[in-house]
Amino acid sequence: MIQEYYANQANKSVSKKIKRGRQVRMISRKKSFKLANKTYGTCTIWLRRLAQCLGKISNN
C-alpha cells in the first residue's frame, strides 16, 4: 500500500515535469518563430544578394 502510494506520487511529479517541459518548449518555439520571421526578411535579402553574386561569378 505504502509502496504504491509513493509510486503514484513519483509518477505525478514526473508527469507534471513533462507537462511543464512541453509548455516551455511551446513558448520557446513561439519566440524562435518570431525571431525566424524577423531574420527571414533579412535572410531573403541576403540570399538574393548571394544569388546575384554567384550569377555574376558564373557569368564570368
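Quick note: the sequence shown uses our numbering, first residue 2, plus one each step. Glycine included, C-beta positions come from ideal geometry on N, C-alpha and C.
CA-to-CA, the gap between K31 and V25 works out to about 10 angstroms. Taking the Cα positions, K39 is about 26 angstroms away from G56. If you draw a straight line from the Cα of S16 to the Cα of S33, it comes to about 25 angstroms. Between the alpha carbons of K35 and I28 lies a distance of about 11 angstroms.
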